[in-house]
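S.K.:
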Amino acid sequence: MSPELASEVDKQVRQLLNEQSARAQKIIEEHLDSLEKMVERLLVEEIMSKEEFSKIAAEIEKKS
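Just so you know, this note's numbering puts 10 at position 13 of the sequence shown, and the rest follows in order with no gaps.
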């Protein structure tokens, strides 16, 4: 692979990583309240049933 091609590949990979990192951050921010509910529950009980997880996940789906 030529140095020019390697540089272009690196540039494209960096761009994709930056875009997806920003996308992930946005998703986390949009659903922070639901994530905090999960964290609070897990800090108290250390476990979460499938039903509890599904209920919180359903809240996230409604917001999406």
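Yeah, the Cβ is synthetic: ideal placement off N, Cα and C, and Gly gets one too.
Excluding five sequence neighbours on each side, which residues of the same chain lie with their C-beta closer than 6 Å to the C-beta of Lys34?
M.R.: So the list reads Ile53, once near-sequence residues are dropped.
S.K.: Note down the Cα distance separating Phe50 from Glu26, rounded to an integer number of angstroms.
M.R.: If you take the alpha carbons of Phe50 and Glu26, they lie about 19 Å apart.
S.K.: Report, in whole angstroms, the separation of the C-beta atoms of Ser31 and Glu48, which I expect to be a contact under 8 Å.
M.R.: Not quite, the Cβ-Cβ distance comes to about 15 Å (not below 8 Å), so this is no contact.
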